[in-house]
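J.: Please see the structure below; I have some questions.
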Amino acid sequence: MWTQVKELFSSLGVDCNILELDQVDEGASVQEVLSEITNQRTVPSIFVNKVHVGGCDHTFQAHQSGLLQQLLQQDPAYDYDLIVIGGGSGGLSCAQEAAVLGKKVMLLDFVVPSPRGASWGLGGTCVNVGCIPKKLMHQAALLGQALTDSRKFGWEYSQQVKHSWATMTEAIQSHIGSLSWGHRLALREKAVTYVNSYGEFVEHHKVKATNEKGQEAFYTAAKFVIATGERPRYLGIQGDKEYCITSDDLLSLPCCPGATLVVGASCVALECAGFLAGLGLEVTVMVRSVLLRGFDRDMAERVGASMQQLGVRFLRKFVPVQVQQLEKGLPGRLKVVAKSTEGTETVEGIYNTVLLAVGRDSCTKKLGLEKIGVNISEKTGKILVNDEEQTSVPYVYAVGDVLEGKPRLTPVAVQAGKLLARRLFGGRSEKCDYVNVPTVVFTPLEYGCCGYSEEKASEVYQAENLNVYHTLFWPLEWTVACRDSNTCYAKIICNKLENDRVVGFHVLAPNAGEITQGFATAMKCGLTKQLLGDTIGIHPTCGEVFTTLEITKASGLDITQKGC
Ligand SMILES: Cc1cc2nc3c(=O)[nH]c(=O)nc-3n(C[C@H](O)[C@H](O)[C@H](O)COP(=O)(O)OP(=O)(O)OC[C@H]3O[C@@H](n4cnc5c(N)ncnc54)[C@H](O)[C@@H]3O)c2cc1C
Ligand SMILES: NC(=O)c1ccc[n+]([C@@H]2O[C@H](COP(=O)([O-])OP(=O)(O)OC[C@H]3O[C@@H](n4cnc5c(N)ncnc54)[C@H](OP(=O)(O)O)[C@@H]3O)[C@@H](O)[C@H]2O)c1
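Each residue of the sequence shown is one higher than the last, beginning at 1 in the UniProt record's numbering.
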């Protein structure tokens, strides 16, 4: 096989440089470093213009697909056509798409451990400390609720049911490990050079990559994409970094956090509070101002009320000022002093764990952006880009959570990264459409939405031009289980001036994520109230409620449902 590869290169008129590891001093350590970089333990290990192609089979496959010829024609002025900094949702998607388009690509990814020492592998926030572990913990909590319901459906069991945090975390971490490994393999298959190092611009077209051991290497590229995401913010109060945790720690915490204070009231805070309560823990949420800032007010309050029904306690209009350790241990005991945001009142509370979910800071400060002139927002530290994700430095682009004013969601980062690579290297022109991005808050009762909140729609179209249709509804599954008949809620906001086009879609229901996805596509196609009415529902589901909405909010008619 190896001879055939040599013949292949010779037929292409390419000189090969062959290093026989058993013939050189320190061959074993070279082999070790090689397999660390490439994940390939066998020989030959073939590189073309510094890109690892793989073994013999991979080289022949690359020849057949045309990739080999493209790699042989790279611009020698730079080491790479593209260097992507950040191996999360946006960076991985961009790097892989650029490589598929035949470009020579390097991806740098490095996780700075959290102050409590949590660290993880390739894949970024979503895979390791975001969407994936969060949704799985949400599922663990939902299963608990299903157990309670099951008795009403005839399941009989006498033994007490307990939840094991350790078993759950171990299983989730094992799944995450396989996802992260899958990303490494995908990069290798697409001949993206992955380096587990921290990237930082040192001069135009050049980055320094520093690995865990502090070893530095320098690489140049014609183009760069920054996809470094965000990390949890701390409060800067006494005891926060020493004793509090963030979502970076919680989602792989080895022991059950016990009675938990969650500080913050947005997605991360409410989702974590929700699954912790669902797992049977005592949970308090400390809210500085409002729940779910930026979301529909009415919906946000309904989310809060549904969590309260589950036993979550809300401490509104308070902020912590001091965290003190009372007892060491896993989880230990902490005293929190908080002060009112409206007066001089202070309160104290004792918790096993304090989870800070007070927002996230973009990872832009230590990237050397000032050295090459990439503009960031002074207020937020986020990167400013035009509608093609191009920064103030023409050869530097950015995607994902580091962008100023864009939705901070995995599918947004993935789509933006992929389309950017296609525009840069594939002759395409499609830009990422940041309008009508659907989203779901995975609180115990999920909240899905797409388009405008009532407040924003009133601002854009004027309240008098809107029809808001709504109803409370009782999922069939909840009837036998005797769950509350007036918690689930559906609402659409329609613009009268555009034939009642749906400009806002909101649902608070089990599986709201699954419901919202399809309606988001319909909204992209110009969904109107009439079209919803013309659509035949699927019975008996929660989603069908949108095909029968008749009561407007303005009418003030009763929308309550009869229950147990
Ligand atoms: C708790 C939580 C739950 C979430 N749940 C959802 C959800 O359900 N659905 C959803 O759509 N979104 C969710 N999100 C948001 C989603 O995770 C992010 O929008 C998404 O991960 C952003 O992708 P990104 O590529 O911009 O950044 P990231 O995924 O954060 O990746 C950035 C990567 O770059 C690395 N990096 C940073 N600086 C450097 C450097 N200088 N050199 C090298 N590497 C560097 C980081 O370590 C990281 O690996 C959640 C977020 C959190 C925190
Ligand atoms: N399901 C999902 O899709 C999902 C889930 C999780 C996260 N995400 C994404 O991740 C992004 C980040 O979410 P996030 O929840 O971390 O942050 P966020 O949306 O920025 O919310 C920060 C929260 O912390 C509060 N806060 C800020 N500073 C505080 C302080 N000093 N003291 C007390 N409270 C303080 C804020 O209150 P105020 O309102 O008073 O400012 C707000 O409730 C979101 O935009 C979302 O797109 C998505």
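For glycine and all other residues, C-beta sits at the position ideal for the given N, C-alpha and C.
#1: Under a Cβ-count criterion, where at least 16 other Cβ atoms within 10 Å of its own Cβ denotes burial, should W474 be classed as buried or exposed?
#2: Does DSSP put A338 in a helix, a strand or coil?
#3: Using C-beta distances below 8 Å, list every residue in its chain close to Q309, excluding the 5 sequence neighbours before and after it, in chain order.
#4: Please go through the same chain and pick out, in chain order, the residues whose beta-carbon is closer than 6 Å to the beta-carbon of H205, but skip the five residues on each side of it.
#5: Is S453 helix, strand or coil by DSSP?
#6: Closer than 7 Å by C-beta to L235: which residues in its own chain qualify, once you throw out the five before and the five after it? Chain order, please.
#7: Can you determine whether any heavy atom of ligand 1 sits closer than 7 Å to the C-beta of F442, and answer yes or no?
#8: Who are the near neighbours of residue 590 in its chain, counting only those whose CB is closer than 7 Å to its CB and skipping five residues on each side?
#9: Would you call the segment 403-414 and the segment 427-439 touching, i.e. three or more CB-CB distances under 8 Å?
#10: Which runs of the alpha helix (DSSP H) at least 4 residues long sit entirely within the segment 181-267? Give them in chain order.
#11: Going by C-alpha to C-alpha distance, which of G537, E446, I132 sits closest to L142?
#12: Does ligand 2 have a heavy atom nearer than 7 Å to the CB of L409?
#13: For a test of your reading of the model: does the CB of C126 fall under 7 Å from any non-hydrogen atom of ligand 1? Yes or no.
#14: How close, in whole Å, do the beta carbons of L82 and K223 come, if the pair is a contact with beta carbons under 8 Å?
#15: Specify the secondary structure class of P133 as computed by DSSP and reduced to three states.
#16: Is R151 a contact residue of ligand 2, with contact defined as CB to any heavy atom under 7 Å?
#17: Let's see if you can read the secondary structure: which residues bound the beta strand (DSSP E) around I538?
#18: Classify K529 as helix, strand or coil using the three-state DSSP reduction.
#19: Tell me whether Y397 counts as near ligand 1, meaning its Cβ is closer than 7 Å to at least one heavy atom of that ligand.
#20: Could you check if E271 belongs to the surroundings of ligand 2, using beta carbon to heavy atom distance under 7 Å?
#21: So, is L157 buried or exposed, given that buried needs 16 or more other C-beta atoms within 10 angstroms?
#22: Would you say G124 and G88 are within 8 Å of each other, going by their C-beta atoms?
#23: Could you check whether the Cβ of L367 sits closer than 7 Å to any heavy atom belonging to ligand 1?
#24: Below 7 Å CB to CB, which residues in the same chain sit around V268 once its five sequence neighbours on both sides are set aside?
#25: Determine, using beta carbons only, whether K382 and V399 come nearer to each other than 8 Å.
#26: Restricting to Cα atoms, I'd like to know which of M523, T548, C542 is closest to T535.
#27: When the Cα atoms are used, what is the spatial distance from I46 to P113?
#28: Quick one, are the C-beta atoms of V347 and G239 less than 8 Å apart?
#29: Is L147 buried or exposed, if buried means 16 or more other CB atoms sit within 10 Å of its CB?
#30: Based on DSSP bridge pairs, tell me the residues matched to C482.
#31: Given that a residue counts as buried once 16 or more other Cβ atoms are within 10 Å of its Cβ, and exposed if not, what is A171?
#32: Reducing DSSP to helix, strand and coil, say where N128 ends up.
T.: Put simply:
#1: buried
#2: strand
#3: D484, T487
#4: T220
#5: coil
#6: P320, L356, V358
#7: yes
#8: Limits of the chain in this structure are 1 at one end and 564 at the other, which puts residue 590 out of reach.
#9: yes
#10: 240-243, 247-250
#11: E446
#12: yes
#13: yes
#14: 5 Å
#15: helix
#16: no
#17: Here I538 belongs to no beta strand (DSSP E), and DSSP marks it neither H nor E.
#18: helix
#19: no
#20: yes
#21: Looking at the sequence provided, one finds Tyr at residue 157 rather than Leu. That one is exposed.
#22: yes
#23: yes
#24: S247, A357
#25: no
#26: T548
#27: 34 Å
#28: no
#29: exposed
#30: In the DSSP output, where bridge partners are listed per residue, C482 has none listed.
#31: exposed
#32: helix
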